[in-house]
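S.K.: In our numbering, the protein residues as written are 59 to 362. Beta carbons are placed, not taken as given, at the ideal position from N, Cα and C, and that holds for glycine.
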């Protein structure tokens, strides 16, 4: 899925938050339910603050949870719950849509507790927070094609998850990180196709060619490889490199015979030739206002 799917994304986000909260409960020693150690500090201010924070987390009052956890750490920096509060603060910021603050809290936890048994959780949360940082406020609520916007946050998230897998390949979060990376790789590849389409509109055929080649050479497991090959064929034709164009067409035909730019007999759609992109006399007479040439646009999604 490359765009839309906001309901599915919201559902996955709900499942993710439920999972993360469950993990936090386990790592905190299930302090909600009391125990012998709780009796030793009964009615202490530290325990009250911690229980208050847990209640806010359970009720998804994340802003209040952030405040309680920050107060707990500030008042009891060396207390029993200090480390756990720092870890839960990452999740609380994330739940409050404070993704930059979540990243900062995760970095701080990693720096202070590099050998903590739950440090992999902090790395995982850095990936989630980076992915959910949106370029614009309204994009969180208005369905749109994410691959047509700035994807720098996706690149950062991909790098964060890669670091998690490199450091902790057996982490409980590794399977989900791998699955998310597959989705992000598909999105990054689709973004390259959109950029190539932009270069075609600008008449920058070599730049479009390089984008298509990058997808084919470095993103071979993504559905966008088909469009990458078509972009290479189209760009080579427009550059007058017909032999190289034929090579790309042959590979496209062999692997993606249903691509819309392939006609019967695996001949490439010849609409987008150098002649086809020449400006008409109407376009020239109106200084480009009317009847502009139609540049190539590739947006093929192979059936899975």
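#1: Between the C-alpha atoms of residue 273 and residue 212, what's the straight-line distance to the nearest angstrom?
#2: Assign residue 93 to buried or exposed, taking buried as 16 or more other Cβ atoms, counted over all protein chains shown, within 10 Å of its Cβ.
#3: Does the stretch 286 to 306 come close enough to the stretch 260 to 269 that 3 or more CB-CB pairs lie under 8 angstroms?
#4: How would you call residue 275, buried or exposed, if buried means at least 16 neighbouring beta carbons within 10 angstroms?
#5: For residue 246, does the three-state DSSP call read helix, strand or coil?
#6: Have a look at residue 235 and residue 103 and give me their C-alpha separation to the nearest angstrom.
#7: Mind checking residue 184: buried by the 16 CB within 10 Å criterion, or exposed?
#8: Using the Cα positions of residue 155 and residue 124, report the straight-line distance between them to the nearest angstrom.
#9: With a threshold of 16 other CB atoms inside 10 Å of the CB of residue 4, please say whether the residue is buried or exposed.
#10: Residue 306: which of 288, 320 and 315 sits nearest, CA to CA?
#11: Below 8 angstroms on the Cβ atoms is my guess for residue 231 versus residue 178; work out the distance and round it to an integer in Å.
#12: Buried or exposed, going by whether 16 or more other CB atoms sit within 10 Å of the CB of residue 356?
#13: Do you know whose CA, among 148, 186, 253 and 209, lies nearest residue 222's CA?
#14: From which residue to which residue does the alpha helix (DSSP H) around residue 132 run?
#15: Report back the beta-carbon spacing between residue 263 and residue 296 to the nearest angstrom; my notes put them in contact at under 8 angstroms.
#16: Among 304, 247 and 158, which one has its Cα closest to the Cα of residue 369?
#17: Assign residue 326 to one of three DSSP states: helix, strand, or coil.
#18: Between residue 167 and residue 144, which are expected to be in contact by the criterion C-beta below 8 angstroms, what is the C-beta distance as a whole number of angstroms?
#19: Expressed to the nearest angstrom, what Euclidean distance is found between the alpha-carbon atoms of residue 149 and residue 299?
#20: Select from 207, 209 and 233 the residue whose C-alpha is nearest the C-alpha of residue 219.
#21: In or out: residue 224 buried (at least 16 other Cβ within 10 Å) or exposed?
#22: Based on the DSSP secondary-structure assignment, which residues constitute the bridge partners of residue 320?
#23: Can you tell me whether residue 354 is helix, strand or coil according to DSSP?
#24: Mind reading off the beta-carbon distance from residue 258 to residue 354? Whole number of angstroms is fine, and I expect it under 8 angstroms.
#25: Pick from 188, 142 and 151: whose alpha carbon is nearest that of residue 175?
#26: Would you kindly report the start and end of the unbroken alpha helix (DSSP H) that includes residue 188?
#27: Comparing C-alpha positions only, which one of 239, 121, 140 and 312 sits nearest to residue 215?
#28: Whole angstroms is fine: what's the gap from residue 320's alpha carbon to residue 241's?
M.R.: In terms of the structure at hand:
#1: The residue you call residue 273 lines up with position 215 of the chain shown. The residue you call residue 212 lines up with position 154 of the chain shown. So the two alpha carbons sit approximately 16 angstroms from each other.
#2: If you number the chain shown from 1, residue 93 lands on position 35. Because residue 93 sits at a pLDDT of 42, beneath the cut-off of 50, its placement in the model cannot be relied upon, and the point is left open.
#3: yes
#4: Reading the chain shown from its first residue, position 217 is the one you call residue 275. Burial call: exposed.
#5: If you number the chain shown from 1, residue 246 lands on position 188. Helix at residue 246.
#6: Locating residue 235 in the chain shown gives position 177, counting from the first residue. Locating residue 103 in the chain shown gives position 45, counting from the first residue. In this structure, the CA atom of residue 235 is about 38 angstroms from the CA atom of residue 103.
#7: Translated into positions along the chain shown, residue 184 becomes position 126. So residue 184 counts as buried.
#8: As a working note, residue 155 is residue 97 in the chain shown. As a working note, residue 124 is residue 66 in the chain shown. One C-alpha to the other measures close to 11 angstroms.
#9: Missing from the structure shown is residue 4; the chain here goes from 59 to 362 and no further.
#10: Counting from one through the chain shown, the residue named residue 306 turns up at place 248. Minimum Cα distance to residue 306 is reached at 288.
#11: Residue numbering aside, residue 231 sits at position 173 when the chain shown is read from its first letter. Residue numbering aside, residue 178 sits at position 120 when the chain shown is read from its first letter. The pair is a contact, with the Cβ atoms about 6 angstroms apart (cut-off 8 angstroms).
#12: Here the question's residue 356 lines up with position 298 in the chain shown. With 16 or more other CB atoms across the displayed protein chains lying within 10 angstroms of its CB, residue 356 is buried.
#13: Locating residue 222 in the chain shown gives position 164, where the first residue counts as 1. Taking only the C-alpha atoms, the option nearest residue 222 is 186.
#14: In the chain shown, counting from the first residue as 1, residue 132 sits at position 74. Start and end: 120 to 133.
#15: Taking the chain shown and counting its residues from 1, the one referred to as residue 263 is at position 205. Taking the chain shown and counting its residues from 1, the one referred to as residue 296 is at position 238. 5 angstroms between Cβ atoms; contact.
#16: The question about residue 369 has no answer here: the residues shown for the chain are numbered 59 through 362.
#17: In the chain shown, counting from the first residue as 1, residue 326 sits at position 268. Residue 326 sits in a strand when the DSSP states are folded into three classes.
#18: For this step, residue 167 is matched to residue 109 along the chain shown. For this step, residue 144 is matched to residue 86 along the chain shown. That belief holds up - the Cβ atoms of residue 167 and residue 144 are roughly 5 angstroms apart, short of 8 angstroms.
#19: By one-based count along the chain shown, residue 149 stands at place 91. By one-based count along the chain shown, residue 299 stands at place 241. Taking the straight line from one Cα to the other gives about 54 angstroms.
#20: For this step, residue 219 is matched to residue 161 along the chain shown. Ranking 207, 209 and 233 by Cα distance to residue 219 puts 233 first.
#21: Residue mapping note: residue 224 aligns to position 166 of the chain shown, counting from 1. Around the beta carbon of residue 224, a 10 Å sphere encloses fewer than 16 other beta carbons of the protein chains shown; the residue is thus reported as exposed.
#22: Along the chain shown, one-based indexing puts residue 320 at 262. Note: residue 320 sits in a beta bridge opposite 326.
#23: Looking up residue 354 in the chain shown gives position 296. Note: residue 354 maps to coil in three-state DSSP.
#24: Taking the chain shown and counting its residues from 1, the one referred to as residue 258 is at position 200. Taking the chain shown and counting its residues from 1, the one referred to as residue 354 is at position 296. Yes, they are in contact, since the Cβ atoms of residue 258 and residue 354 sit about 5 angstroms apart, within 8 angstroms.
#25: Walking along the chain shown from the start, residue 175 turns up at place 117. With distances taken between Cα atoms, residue 175 lies closest to 142.
#26: Numbered from its first residue, the chain shown carries residue 188 at position 130. For residue 188, the enclosing alpha helix (DSSP H) has its first and last residue at 177 to 190.
#27: Counting from one through the chain shown, the residue named residue 215 turns up at place 157. Of the candidates 239, 121, 140 and 312, the one whose C-alpha sits nearest the C-alpha of residue 215 is 239.
#28: The residue labelled residue 320 in the question sits at position 262 within the chain shown. The residue labelled residue 241 in the question sits at position 183 within the chain shown. Each residue's alpha carbon lies about 27 angstroms from the other.
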